[in-house]
Amino acid sequence: MNTSALIGLWLGILQLPGVVLPFHFSIEDRKGKQVVIIQNAEERIVCDEITSAGDSIFVRLPLYDSELRFKAGATTLDGVWINRGRKTPTSIPFHAEKGIKNRFQGSSVTPEIDPLSGKWETWFDAGQSDSSLAIGLFRRGPENQVYGTFMTETGDHRFLEGQLLGDSLKLSVFDGSHAWLYMAKIDGESLRGVFFSGNNYQAPFHAKRNDAIALRDPSSITRFEGGVGFQLPDCDSNLVSHTDTRYRKKVIIHQIMGTWCPNCMDESVFLDSVYTARREEGLEVIGFAFERSADFSKAMPGLKRTINRLGLHYAVLYAGQADKTRLKEVFPGMQEFISYPTTIITNWDGQVVYVHAGFSGPATGEAWREYQRKFSAILDRLLR
609 MNTSALIGLW
619 LGILQLPGVV
629 LPFHFSIEDR
639 KGKQVVIIQN
649 AEERIVCDEI
659 TSAGDSIFVR
669 LPLYDSELRF
679 KAGATTLDGV
689 WINRGRKTPT
699 SIPFHAEKGI
709 KNRFQGSSVT
719 PEIDPLSGKW
729 ETWFDAGQSD
739 SSLAIGLFRR
749 GPENQVYGTF
759 MTETGDHRFL
769 EGQLLGDSLK
779 LSVFDGSHAW
789 LYMAKIDGES
799 LRGVFFSGNN
809 YQAPFHAKRN
819 DAIALRDPSS
829 ITRFEGGVGF
839 QLPDCDSNLV
849 SHTDTRYRKK
859 VIIHQIMGTW
869 CPNCMDESVF
879 LDSVYTARRE
889 EGLEVIGFAF
899 ERSADFSKAM
909 PGLKRTINRL
919 GLHYAVLYAG
929 QADKTRLKEV
939 FPGMQEFISY
949 PTTIITNWDG
959 QVVYVHAGFS
969 GPATGEAWRE
979 YQRKFSAILD
989 RLLR
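Here you go:
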């Protein structure tokens, strides 16, 4: 990408079945190198792996096996988003126009009373046997911009951004893995809408304001019986075991994760900050990567790339394919597993003292801050 005419703000559009998913990104020049920066609320995703061939431009996302491919016009870009990180790779048409400020288009009138403040008890696939509870958390910005997320027991929906357009709420997120769109009508204390995920999934949802709503305590969902034992390869094919000197008489955080999982990536950044701050106190962190491929050689390039892109300082081991059978083989003591990520903490004597299902990340605001406080208090008690 070598033309200064592309520098500036862009509105990207992904063409989902019957609807379009908008998101903002900018193209900037950083010390003579052009980069693409995807924007979701306060999140900024810097894409600096950009190549070209003829009139085609390829923008690789920094995490996930995902890229944007397009050709540039004077004020438009046209191409496709390819996501190979799913079990079945997807390809979605992509279009972008330069200089459009609002993510969603339509008339906007500022209501006298904020219709979105508070918690929203939300049910996806409402009325179905597999319906699931979430908590909607929203805040209104200037010019009826809306930011927020949905918290679930497995993780949050990350950084959502959109607009309040009359009695309509529209939100979206694109981060290289998620391509999620939410369209709802506001009727007093309730919301009714549809959730779209990529090419293959859509579900109705409804929500009602409920400041007392709460999810189950994430430390009460999954149990672990016995101790944690393992012998697995690291990225250099070296076998690493729980009996290694490095892990003897240490407080250990065992992170069950996958590089395909956005909540896991958020948690990895957090755990790395905890590890670098407290490893001198006797803390160790081990990541157990359950990947899309059961073939070590095929999984390694993506795993190594993720470790390098995130700058992780703790050991990450290849645990095999991401399925429940394999997880049970690696962790036979795991009971009621529901989520990547799941975190297991053992004390100096190797006893499991805490198991946490899911991860409420930075997009959840106060829930995220409360989680950090609780996590710090657990480590304070164990490391003293």
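Heads up, the sequence shown stops at 992 in this note's numbering, and the numbers go up one at a time, no gaps. Glycine is no exception: its CB is placed at the ideal position from the N, C-alpha and C atoms. For clarity, every value in this text was computed on a predicted model and none was experimentally measured.
Within a Cβ cutoff of 7 Å, which residues of the same chain sit near Met609, ignoring the five residues on either side of it in sequence?
Reading the sequence shown from its first residue, position 1 is the one you call residue 609. Caution is warranted here: a pLDDT of 49 is assigned to Met609, below 50, making its placement in the model unreliable, and the coordinate value is therefore given only provisionally. Once the five neighbours on either side are set aside, the close Cβ partners of Met609 are Gln642, Ile658, Ser660, Ile665.
In terms of alpha-carbon separation, which member of Arg917, Asp844, Ser798 lies closest to Phe904?
Position 296 of the sequence shown, counted from the first residue, corresponds to residue 904. Comparing Cα positions, the closest option is Asp844.
Quick one, are the C-beta atoms of Phe712 and Pro630 less than 8 Å apart?
Taking the first residue of the sequence shown as 1, we reach residue 712 at position 104. Taking the first residue of the sequence shown as 1, we reach residue 630 at position 22. Yes, these two residues count as a Cβ contact at 8 Å.
Please classify Pro689 as buried or exposed, where buried requires at least 16 neighbouring CB atoms within 10 angstroms.
Counting from 1 along the sequence shown, the entry for residue 689 is found at position 81. Note that residue 689 is Trp in the sequence shown here, rather than Pro. Counting the other CB atoms within 10 Å of its CB gives Trp689 a total of 16 or more, which places it among the buried residues.
Could you compute how far the alpha carbon of Leu622 sits from the alpha carbon of Met942?
As a working note, residue 622 is residue 14 in the sequence shown. As a working note, residue 942 is residue 334 in the sequence shown. Each residue's Cα considered, the two are about 39 Å apart.
Inter-residue Cα distance where the pair is Asn752 and Asp852
Walking along the sequence shown from the start, residue 752 turns up at place 144. Walking along the sequence shown from the start, residue 852 turns up at place 244. Rounded to the nearest angstrom, the two C-alpha atoms are 55 Å apart.
Give the range of the alpha helix (DSSP H) segment to which Glu875 is assigned.
Residue 875 sits at position 267 when you count from the first residue of the sequence shown. Segment 870–886, the alpha helix (DSSP H) holding Glu875.
Distance between beta carbons of Ile794 and Leu768, contact taken as under 8 Å:
For the purposes of this step, residue 768 is identified with residue 160 of the sequence shown, where counting begins at 1. For the purposes of this step, residue 794 is identified with residue 186 of the sequence shown, where counting begins at 1. Actually they do not touch by this definition, with Cβ atoms about 16 Å apart.
With C-beta atoms as the reference, is Glu761 less than 8 Å away from Ala975?
One-based indexing of the sequence shown puts residue 761 at position 153. One-based indexing of the sequence shown puts residue 975 at position 367. No, the pair does not count as a contact, with Cβ atoms beyond the cut-off.
Exposed unless 16 or more other CB atoms sit within 10 angstroms - verdict on Ile743
By 1-based counting over the sequence shown, the position of residue 743 is 135. Burial call: buried.
Check this for me: beta carbons of Leu891 and Lys858, under 8 Å apart or not?
Looking up residue 891 in the sequence shown gives position 283. Looking up residue 858 in the sequence shown gives position 250. Yes, the Cβ-Cβ distance between Leu891 and Lys858 is below 8 Å.
Contact criterion: CB-CB distance below 8 Å. Does Glu937 meet it with respect to chain E?
The structure shown has no chain E; it contains just one protein chain.
What residues in its chain sit with their C-beta under 6 Å from that of Leu799, if we drop five residues either side in the sequence?
Residue mapping note: residue 799 aligns to position 191 of the sequence shown, counting from 1. Excluding positions up to five away in sequence, the list reads Ala792, Ala815.
Could you give the residue range of the beta strand (DSSP E) that holds Asn691?
Within the sequence shown, numbered from 1, the residue matching residue 691 stands at position 83. It spans 684–691 - the beta strand (DSSP E) in which Asn691 sits, taken as one unbroken run.
Under the rule that 16 or more other beta-carbon atoms within 10 Å means buried, what is Pro750, buried or exposed?
Position 142 of the sequence shown, counting from 1, holds the residue named residue 750. Counting Cβ neighbours within 10 Å, Pro750 comes out exposed, since fewer than 16 surround it.
Among Asp764, Thr933, Ala682, nearest to Glu705 - alpha-carbon criterion:
By 1-based counting over the sequence shown, the position of residue 705 is 97. The shortest Cα separation from Glu705 among Asp764, Thr933, Ala682 belongs to Ala682.
Where do the ends of the beta strand (DSSP E) carrying Leu724 lie?
Locating residue 724 in the sequence shown gives position 116, counting from the first residue. Note, Leu724: premise wrong, no beta strand (DSSP E); not H, not E.
Reduced DSSP category for Ser827 - H, G, I as helix; E, B as strand; rest coil
Working through the sequence shown from its first residue, we reach residue 827 at position 219. Coil, per DSSP.
Can you give me the C-alpha to C-alpha distance between Pro701 and Ser827, rounded to a whole angstrom?
As a position in the sequence shown, residue 701 is number 93, starting the count at 1. As a position in the sequence shown, residue 827 is number 219, starting the count at 1. Approximately 41 Å between the Cα atoms of the pair.
Rounded distance between the beta-carbons of Thr954 and Thr860, thought under 8 Å
Locating residue 860 in the sequence shown gives position 252, where the first residue counts as 1. Locating residue 954 in the sequence shown gives position 346, where the first residue counts as 1. It should be pointed out that residue 860 corresponds to Ile in this sequence rather than to Thr. Indeed, because the Cβ distance is near 5 Å, the residues count as touching under 8 Å.
Nearest to Glu797 by CA position, among Asn808, Asn818, Ser612, Arg692, is which residue?
Translated into the one-based positions of the sequence shown, residue 797 becomes position 189. Among Asn808, Asn818, Ser612, Arg692, the Cα nearest to that of Glu797 belongs to Asn818.
Can you give, in chain order, each stretch of the beta strand (DSSP E) that sits fully within the segment 927–980 and has at least 3 residues?
List check, beta strand (DSSP E) in window: 950–954, 960–965.
Assess, as a yes-or-no matter, whether the segment 831–841 is touched by the segment 725–741 under the definition of 3 or more beta carbon pairs within less than 8 Å.
No: fewer than three Cβ pairs fall under 8 Å.
Is Gln736 buried or exposed, if buried means 16 or more other CB atoms sit within 10 Å of its CB?
Within the sequence shown, the letter at position 128 stands for residue 736. Classification for Gln736: exposed.
Which one or two residues does DSSP pair with Phe633 in a beta bridge?
The count along the sequence shown starts at 1 and reaches residue 633 at position 25. Phe633 is bridged to Trp618, Ile646.
So the candidates are Phe898, Ile915, Gly662, Phe803; which of them puts its Cα closest to the Cα of Gly626?
Counting from one through the sequence shown, the residue named residue 626 turns up at place 18. Out of Phe898, Ile915, Gly662, Phe803, Phe803 has the C-alpha closest to the C-alpha of Gly626.
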